[in-house]
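Student: Quick note: to get my numbering, add 62 to the position in the sequence shown (first position is 1). This is the structure I want to talk about, given as structure tokens.
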Amino acid sequence: METTGRRPGAYVCGIDAAMDVIGGKWKVLILWALNERPCRFGELRRELPGITEKVLASHLREMEADGLVHREAYEEVPPRVEYSLTPRGVSLNEALEPLGAWGKANVPGGSPAAGQMREDHDVPLVTGAA
63 METTGRRPGA YVCGIDAAMD VIGGKWKVLI LWALNERPCR FGELRRELPG ITEKVLASHL
123 REMEADGLVH REAYEEVPPR VEYSLTPRGV SLNEALEPLG AWGKANVPGG SPAAGQMRED
183 HDVPLVTGAA
């Protein structure tokens, strides 16, 4: 399946191209949620508190066009639509796993603000830093 190619020829490196596909606050979280299991739109919305319907719908359309998400519409009454990852979406999630591991190892408990690190955090303190 071919991607939409939003900026053909404008990429500096592979990371630049990947960030174009997963850029923004929500796309990696959508990938994460769909990695667990296929979901309906409402289920995804509940999995991602704070995302608006408009943004979720827009991101799902973009991710479908990029070949990351498969949209399955069932001929039922009432209509039912499920979203799942394509093999390309699964491979992107696998590529993001080391980044998630880095985040867990280097930013314990989320994203603590400066001065809020506790002594029991797993991050070694850097002495002599400005």
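Each residue gets a CB set at the ideal place from its N, CA and C atoms; glycine is no exception. It should be emphasised that the depicted structure is a prediction, and the values quoted were computed from it without experimental measurement.
#1: Let's see if you can read the secondary structure: which residues bound the alpha helix (DSSP H) around R142?
#2: Which residues in the same chain have their Cβ closer than 7 Å to the Cβ of L91, if we skip the five residues on either side of it in sequence?
#3: Could you give the first and the last residue of the continuous alpha helix (DSSP H) run that contains R108?
#4: Please say whether R150 and R102 have beta carbons closer to each other than 8 Å?
#5: Output yes or no for whether 8 Å exceeds the beta carbon distance between H121 and W88.
#6: Who are the Cβ neighbours of E126 in its own chain at under 6 Å, not counting the five residues just before and after it?
#7: Would you please state the rounded distance, in angstroms, between the beta carbons of T148 and G129? I believe it to be under 8 Å.
#8: Considering just the uninterrupted stretch of the alpha helix (DSSP H) at R123, what are its terminal residues?
#9: Check the C-beta distance from L106 over to Y145 and give it rounded, since I have them as a contact under 8 Å.
#10: Exposed or buried, A72, counting other C-beta atoms within 10 Å across all chains shown (16 or more means buried)?
#11: What's the C-alpha gap between E124 and I77?
#12: In whole angstroms, what separates the C-alpha of Y136 from that of N168?
#13: Bridge partners for A135 per DSSP, in chain order?
Tutor: Let me spell this out:
#1: Run containing R142: none in the alpha helix (DSSP H); it sits in the beta strand (DSSP E), 142-147.
#2: If we look at L91 and ignore the five residues flanking it on each side, its Cβ neighbours are L110.
#3: 103-109
#4: no
#5: Inclusion of H121 and W88 in the CB contact set at 8 Å is warranted, their separation being smaller than that value.
#6: R133
#7: Right, the Cβ-Cβ distance comes to about 6 Å (below 8 Å), so this counts as a contact.
#8: Segment 115-127, the alpha helix (DSSP H) holding R123.
#9: For a cut-off of 8 Å, the C-beta gap from L106 to Y145 is around 7 Å, short enough to register as a contact.
#10: It is exposed - the Cβ of A72 has fewer than 16 other Cβ atoms within 10 Å.
#11: 18 Å
#12: 43 Å
#13: V143
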